[in-house]
Each structure stands twice: as C-alpha cells, then as structure tokens.
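Structure, as structure tokens:
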Amino acid sequence: MRRSSFRLVAAAAAIALAVTGCSSSSDDAANEDTEFEIFTWWASGGEAAGLQGMVDVYKAQNPNTEFINAAVAGGAGVNAKAVLQSRLDANEPPDSFQAHAGMELDGYVRGGQLEDLTSLYASEGWDKVFPSDLIKAITVDGKIYSVPVNIHRANVLWWNPAAATKAGITKAPVTLDEFFADLEKFKKSGIPGLALAGKGDWAIAHLLDWMLLATMGADKFEGLYNGSTSWTGPEVAAGIKNFQKALSYGNKGAGNLDWPDAGKLVTDGKAGFFIMGDWASAQWQSDGLKLGTDYTYAAAPGTVGTYQWLSDSFTLPVGAPHRNAAIAWLKVCGSKEGQDAFNPKKGSISARTDSDLSLYDDYLKSAAADWKKDRLVGSTVHGATGNNALMAAYNAGVGKYFSGGFKDNAGLAKDLAAAYEAGKA
Amino acid sequence: MSKIVKNKRSLSARLGGLLFVLPSILVVMIFVYGLILWSVNVSLTNQNSGTKKAIEYVGLKNYTDLVADERFTHSLSNLVKFTVVFILGALVTGFIMSLLLEKGIKGEGFFRSFYLYPMAISFIAMGTVFNWLLNSARDEEAGGLNLALQKIGLGFLQNDWYVSERGSMYAMALPAIWQMSGYVLALFLAGFRGIPDDMREAARVDGASESQIYRHVLFPQLTPTLLTILIILGHISMKAFDLIIGINGKSYVTQVVAVYMWEATFDKRDYAKGTSIAIVLLIMIAVVVVPYLRYNNKQQAYR
Chain H
7 MRRSSFRLVA AAAAIALAVT GCSSSSDDAA NEDTEFEIFT WWASGGEAAG LQGMVDVYKA
67 QNPNTEFINA AVAGGAGVNA KAVLQSRLDA NEPPDSFQAH AGMELDGYVR GGQLEDLTSL
127 YASEGWDKVF PSDLIKAITV DGKIYSVPVN IHRANVLWWN PAAATKAGIT KAPVTLDEFF
187 ADLEKFKKSG IPGLALAGKG DWAIAHLLDW MLLATMGADK FEGLYNGSTS WTGPEVAAGI
247 KNFQKALSYG NKGAGNLDWP DAGKLVTDGK AGFFIMGDWA SAQWQSDGLK LGTDYTYAAA
307 PGTVGTYQWL SDSFTLPVGA PHRNAAIAWL KVCGSKEGQD AFNPKKGSIS ARTDSDLSLY
367 DDYLKSAAAD WKKDRLVGST VHGATGNNAL MAAYNAGVGK YFSGGFKDNA GLAKDLAAAY
427 EAGKA
Chain R
-12 MSKIVKNKRS LSARLGGLLF VLPSILVVMI FVYGLILWSV NVSLTNQNSG TKKAIEYVGL
48 KNYTDLVADE RFTHSLSNLV KFTVVFILGA LVTGFIMSLL LEKGIKGEGF FRSFYLYPMA
108 ISFIAMGTVF NWLLNSARDE EAGGLNLALQ KIGLGFLQND WYVSERGSMY AMALPAIWQM
168 SGYVLALFLA GFRGIPDDMR EAARVDGASE SQIYRHVLFP QLTPTLLTIL IILGHISMKA
228 FDLIIGINGK SYVTQVVAVY MWEATFDKRD YAKGTSIAIV LLIMIAVVVV PYLRYNNKQQ
288 AYR
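From first to last, the protein sequence lines are chains H and R. Last residue of the first sequence? That's 431 in my numbering, and every number before it is there in order. Last residue of the second sequence? That's 290 in my numbering, and every number before it is there in order.
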C-alpha cells in the first residue's frame, strides 16, 4: 500500500507540474519563454540564500520569465530525487536540474536524458576560465553535459586550535606519518584523535576516499577509476591499513553520529582532527563559530598540493519544455556574476579561476588560491569519480567494515573492487 | 409475476451498488493489482534507468542474483532477527499487561489508552527520538538510555544498542516493541472480554483454582486472538522501513529488505533489481497474510 500511494503522489506531482509547464518552445536563441522550472534540493540555509542570489541575477536578465523551483514548490523533500527520476523516465523533465558534476550524471548521460552542452562552453568562454583538469573530468566521450556552479573541497583537515595547543601540536601535519604522530598526541592529552561520523556510512567512506588518495598519490588514485590501478593490489591494501589505523583513534559511539555531531566534538575540543569537506566551515559559521579561534584548517595530510573536488552543477534535460529559458539559466550558472552571487553564501568557491575573491571569507580565499595551482582529483563519495551504483556499493562496503568488530581488510578491498564493477555495469 | 418484478428491482439495485463501488474497484485494480503485475514484469527484465541498452527479458535471473547477493542476504537476516525479537517482545509485554488489566481494575480505560497511545506516533518521529535514546556513548559521555541505566545504578547494562556488531537489530526492535505492545494489550483484552463469564463460573463451581481457570479455560480461547496478533505484527515487521530510516538512515549495519529495495531502485536506479526485491517482499508477506484472510473469510461465512 505504501508503494502504491507513493507512486500516486509522484504521479500527481508530475501531472501538476506538467500542466503548469506545457507551453511550446521555439528554436529561437532569445529567451521568450514565460516560465522556467528547475529542480534543486537547496531549500534552506546558505544553500537557499546562495540559490536566491543566482536567481536574482537570472531575473534581472530575464524579467519576463517566471522562475519556478520545483523541489520547494512540490515540498517533496527526501523524495525529490525519486520524483525527478520518474519525470525523466516519463519524458516530462524539468527545464534544468541539479546534480553533482562528473560520474553522478553517468546514468542520465548513458540513458540519453541530457543534452550536450559543449558548444555553450565555447561560446561563453568557459573552456578557458574553468581549470583544464575540471573540464577533462566532466567530459564524457568529448562531450560535456553540465555546468558546474561551485567547487567544494573534500580533503580538508579541521581542528580546534586550543585543543591542539593543549596536546602540544604546533603546526598542521603535512605527511601521514606526522598525522599519526599527532593523533597519538591527542590521545595522550585525553581526547580521541579523530572525530568519526558513522551514520549513513558516507562520512566514513569520505575518510577512506581521502586515505586512499593520501596513501597512493593522485596518479595511482585516478588509476583506480580508469582501470590502471587494481583495487585488490598493494596500493589499496596499504591505504586500508592506514585507514584501519586512523579508525583506531576514533571517538566512541561514532555509529550514532551524523557529520555535524562529529564536527561539534572537534569545535568543542572533545576530539582532535576531523576530515570533512569544506561545507563544515559554512555549517560552523552559521552556528556562530569563528574561523581561526574556534576552528582552523589545512589541506588534509598526505594530499597537500592536491585538490580533491566535488561540484554541484546544472543540466539541460532532453525535451526540456522551456529550452531557451534553461539555456539562459545555464549561462547565469557559468557566469562570473552568477557564481559570485551563489558561492560566498553557499560556502564554496567558484569553479571559475577569475572570481572576485574580495567577496569570500579567509578559508574560501585560500581554497580558491589552491584551486588555481593544485592538482585536481575528483571525490568518489560525492559523485565526481563514481556514479550512483558505485557510490551506493562503496558506502555499503565501508559501512560493513566500520560496523564489524573484526577488520577484514582483504574483504573491504574486495567489496570496493565489486563497487567499481557495479559502477561499470 | 410479482417475483419477476422483485428480481428486476434487485438487479437494478445491484447495478446501482456496483456503480457506486466501481470507481474504487477500478482504482484498486489499476494502482494495486495492475502495478503489482507491472512490477513483476519489470523484475523479469534487465530494465535499468542508467543505460540506453534495449530492454530484454532475462527470466528469473534477477531473483537468482538476489540469492547470491550478500547485501540482500544481509538485509534479509537483519529482517528475520528484527521480526523475531519484535513479535516475541510485543507479545510478551502486551500479554502481561493485558493480564494485569483483565480483572477490571480501577481506571482500566485510562491505562488502555495510556498504553495504546504510542501507536499514534509516526515511525519517523519515533525513530528520531529513539535515535537519541539509543545513543551508544557510555559513562561520562552517555546520553539517553545509557545515562538512565547509570542513574538507576545499572551502569553495567550500558550497551552499544543499534550500532553494536551483533545486537543491532535486537536494539532496533525495542522502539517497535514499545510502540506496538499497547496494541497487543488492547487485542488480548478484547479477547478476554469475548469469553463469557459463565465459563469462569462453571469452572469455579467445578472447583478449579484461579490459575487452572487461566490455563485450561481462558488461554485456549485466546488462540484466534493470538493468531490475529501474529499476522498483524508479522506483516508490519516485514514492511519495516520508516523506523529503520528514522533511527539509522540507510546505514549498512541496520539495513533491512525494504531499505535495500529503496536503495536499489532510487539510488542505483536499477529498476529490475528493485522490483524483484519488492516482489520477494510481497510474496513473504502474502505467505503470512493470505492463509489468515482465507481462514477469516471462512469463519465469517460460517457465522
């Protein structure tokens, strides 16, 4: 009964939206569409504020187009993705929808549900202002299917300066050896060295993703996703061994914690280090904490000089009812003005290398500086190098390892290899 | 002559009645049975939203794959553990409570609704609260039940609850027991009330002790009630989804069949796999519910 009633809701939502968006589109490049519907799940906090900034830019340029945010209007919450999927499969797509740039789009691309946007990159000059590593990573068979609006960094180390001073740590660890030495110092000072968040498995998978990168370096790490590095080889085995060692410094009761809870342990001085993406900074600032006094950051040890990125992007679905309005929106998404309206509020940096840094806080300024010079590597658990099937299997494999008392390293390597295969199927 | 007229009348009355129920019959046909058939159909193909390849029928491959899928067997064994502990727990607590209330104590009505009230809380809200209560932190850092156990001097009972390696599903059954035992109480109480007082009196006249009356007169008469309860709890348990999601998200350690079905369908976008899991779940529930419905229908026809 639950299944069928959900379908009913999904169908009703799809019908309602289809009725509101049935005017025909023209091939004329100018945007004469009176309506434009996007699908996002940015509904609250800095995300919603950032989106509103970008919407304001859009409205100024397209005063005659009514802007509809389907995720908010539908109130579908956790079901938003499922509703989006059913609409795409029914060939009733929104005009544009949000997804992580990179392999998360793989299913849509292989399903022929997205339009190729490569020509837009040339006409808007994005091929020059986005870093070439990024362009390379989001290009599939010579075509690009989405416009990245922001860049988050996954490999960031966070800690509380007061707790570090108390433990006798004076500078950020640069290598894994220094990292483990510092974990030991935190332990001696009476707090767990590493804050872990086990709920939903992905934050632990995030930790493993960084550890693999830190252990084997960027080239070998990228090899994991193009087949040149084996998942059951010595590099991954060494990475998992380091991962196991790092987990042994974790806080008790990590299984109950979501990442904001684990982050709070660090900012409260109850745990030492925290490996988390830079959305943590945005969260803490909205909690009223001060960068530099309540928490501070460095590139995660072993990966200094490497920027492990993830990116939110917008797409153009095949058969979008208001194609011109959507293209106008994508132009705003890729523009300097749009990105600088969105990112300072979202707590991420612009994907462009020419953003106006005066608008960003100190952390984001340093991230933007690294973005321009670092080696760029995609994040696995946030959809850059792994598609949905890979991510689901990867997280489950890590969850199994993390919740089990016996740490079966070879078993985890096998599960990760199977996850990689699941992504290719 | 008059007989024919009467028949005509009843025919039109029947037609009118049919017209009234027709919309709901149609809706149920389409949205329940039609979609079940549709799901069965999808589960026999290789349909997968992520690829452009032509949809082909692959027979029972999806089902045989499930048997070999460690993720599926893990979620199934989790579900079995959860079901056993949940049903036994709710039965025992509900039955004991009904024994206490059965004698017609003062304020029975109050207690009945008092214990039934947890049922009014949605699983998802309860999941959020029990997520806090079943916190695994211990000693100084403890919260929730672990803290309560310390305060009453039972600190040695502190537990990892649903993040423990072996006991996670047993801990997960606690909130479900808490919620449903009041319902079991109400059903058993109704069962007791359905037994005529003459029987007890007759037994007393024959010189039976109070415990003998319960054992030999009252309990046997509760068998249909017990069966009803087993069926109701059984199918609630097998559909468990929102409680698990509310407490522990989609974490591997507490994943059950319905959660894995959701993940396969909407995260992996593998429709064939998702629908085959759904059909397995449907069959499991049908095995429990259908014989009971038939039995019930026969009983009613008999009356």
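The C-beta atom is built at its ideal place from N, Cα and C for all residues, glycine as well. What you are looking at is a predicted structure, and each value in this text was computed from that prediction instead of being measured.
About 18 Å separates the Cβ atoms of H:ASP414 and R:SER238, ruling out a contact at the 8 Å cut-off. In this structure R:ARG180 is exposed. Its beta-carbon is surrounded by fewer than 16 other beta-carbon atoms within 10 angstroms. With contacts defined as CB atoms closer than 8 Å, H:ALA220 and H:GLY148 fail to qualify as a contacting pair. Nearest neighbour of H:VAL310 by Cα position, chosen from H:LEU163, H:GLY384, H:GLY294, turns out to be H:LEU163. Judged by beta-carbon spacing, H:ALA306 lies beyond the 8 Å limit of H:TRP165, meaning their Cβ atoms are not closer than that value.
Neighbourhood of H:ASN394 in chain R, by CB distance below 7 Å: ASP254, LYS255, ARG256, in chain order. Around the CB of R:GLY140, fewer than 16 other CB atoms lie within 10 Å, so the residue is classed as exposed.
For chain H, the residues of the segment 9 to 35 of chain R that bring a beta carbon within less than 7 Å of one of its beta carbons are PHE18, VAL19, LEU22, in chain order. Non-local C-beta neighbours of R:ARG58 in its own chain, meaning closer than 7 Å and more than five positions away in sequence, comprise TYR247, ordered along the chain. For H:GLY269, there is no enclosing beta strand (DSSP E); the enclosing alpha helix (DSSP H) covers residues 265 to 273. Considering only R:LEU205, R:TRP165, R:LYS255, the residue with the shortest C-alpha distance to R:ALA77 is R:TRP165. In this structure, the alpha-carbon of H:TYR366 lies about 37 Å from that of R:GLU128. For H:PHE45 against H:GLN119, the beta-carbon gap comes to about 13 Å, at or over 8 Å, which does not count as contact. Per DSSP, H:GLU43 is one residue of the beta strand (DSSP E) stretching across 41 to 45. Around H:GLY51, the same chain offers SER292 as residues with beta carbons nearer than 7 Å, after the five sequence neighbours per side are excluded. With its beta carbon at least 8 Å from every one in chain R, H:ALA201 lies outside the interface.
Within the segment 249 to 264 of chain H, LYS258, GLY259, GLY261, ASN262 place their CB atoms closer than 7 Å to a CB of chain R, listed in sequence order. The C-beta of H:VAL387 has 16 or more other C-beta atoms within 10 Å across all chains shown, which makes the residue buried. Taking the Cα of H:GLY417 as reference, the smallest distance to any Cα among H:ALA402, H:TYR303, H:VAL115 is reached at H:ALA402. H:GLY199 is not a Cβ neighbour of R:VAL150, given a cutoff of 8 Å.
Ranked by Cα distance from H:PRO69, the options H:ASN97, H:ARG93, H:GLU38 are led by H:GLU38. Closer than 8 Å to the CB of H:SER409 there is at least one CB belonging to chain R. In the displayed model, H:PRO69 falls within coil according to three-state DSSP, outside both helix and strand.
Cα atoms of H:ALA209 and R:SER30: separation of roughly 32 Å, rounded to the nearest angstrom. In terms of CA proximity to R:MET106, R:LEU220 leads the group R:LEU220, R:LEU13, R:ARG153, R:LEU134. When DSSP reads this structure, H:ARG381 sits in a beta bridge with H:THR312. In the three-state reduction of the DSSP assignment, R:LEU269 falls in the helix class, which pools H, G and I.
Judged by their CB atoms, H:LEU218 and H:VAL242 are nearer to each other than the 8 Å cut-off. Residues of the segment 85 to 99 of chain R whose Cβ lies closer than 7 Å to any Cβ of chain H: none. Comparing C-alpha distances from H:ALA347 to each of H:ASN156, H:VAL146, H:PHE73, H:GLN250 shows the shortest one belongs to H:ASN156. The Cβ of H:GLN91 sits closer than 8 Å to at least one Cβ of chain R. By the Cβ neighbour-count rule, H:ASP101 is buried, with 16 or more other Cβ atoms within 10 Å of its own. With fewer than three CB-CB distances shorter than 8 Å, the segment 112 to 125 of chain R does not count as touching the segment 167 to 183 of chain R.
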